[in-house]
Structure formats: structure tokens, C-alpha cells
Amino acid sequence: MIDDRRALICTEKQLKILDLPSAIVTLALPGTCSYDNGKDHKRVLSPGLLNKEQVLAVSGGRKHLRIMSLATGELVKVLKTDLIGGQIESLLVSRNGSTAVAFKDCDAAEVWDISTYSCKVSTRE
């Protein structure tokens, strides 16, 4: 839920904003939803709302994070680091939208400071 009138949904491999009272899609964000190709099924890697104006989503190739505008659908920033390889398996965003953690398939995690667009911690176990 973005607010009491709008929801962020994924249909046809694309993130979209649904106006709840009218049940009409008001904006389709560019790019493809990122899917985790599990052995038995596919699942969408859930995006995280940073605030009522921006969403953080996993790139289609599951290597980077994308900040996108909910007002225009435009790409605001791509967050990427070459410190750790692998693909993103899951994404968590703090309640206030200031921090994100991307967990990768190589037993690694990246902690991002959204206000500075910087990777603060990269860990590998």
C-alpha cells in the first residue's frame, strides 16, 4: 500500500500503481519486475516503499537496486556496488525508508544508506 487510495502491484512482469477506488492502473513503471526462479515456482522479489514518492526495486537481472519515482515512473537512481557478486534474493527496507538490506545468493548482504545512495556495509559469510 502506498497510501489509503493507491497500491503498488506487479502484473505482466511490471510494477504498476493501482488506484483503489476506481480499480484502474494509473501508472506503469518502466522495466521488468525481478523474479526469483525457484526450483518449483517463480516469485516476484517484493519492492520496498521508501516514502510516498519513491519505491526501491530489484533490477531485472537481480544485480542492482533501482529507486523509481511513483509520481512519474522515472528512474531516480541505480544503486550498485562491485564489492560482492551474486544475485539479489530478497530485499528489506526500514520502516522510515532510510536503510535497505539486499540479501544475495552467495551468502552475502549489502546495507544501503538511501539518503546518500551509498553501500555502508557488505558482508560475506
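Those letters in the sequence shown? Residues 1 to 125, by the working numbering.
In this text, a Cβ means the ideal position worked out from N, Cα and C, and glycines have one as well.
As the structure is a computational prediction, the values presented were derived from the model and not from experiment.
Inter-residue distance for G61 and S90 is about 13 Å (C-alpha atoms, whole angstroms). When the beta-carbon positions are compared, I114 and L49 stay at least 8 Å from each other. L92 sits exposed, since fewer than 16 C-beta atoms from the chains shown fall within 10 Å of its C-beta.
In terms of Cβ geometry, L45 and I84 do not form a close pair [threshold 8 Å]. In the DSSP assignment, T123 is bridged to A109. Judged by their CB atoms, V111 and K104 are not nearer to each other than the 8 Å cut-off.
Cα atoms of K52 and A7: separation of roughly 11 Å, rounded to the nearest angstrom.
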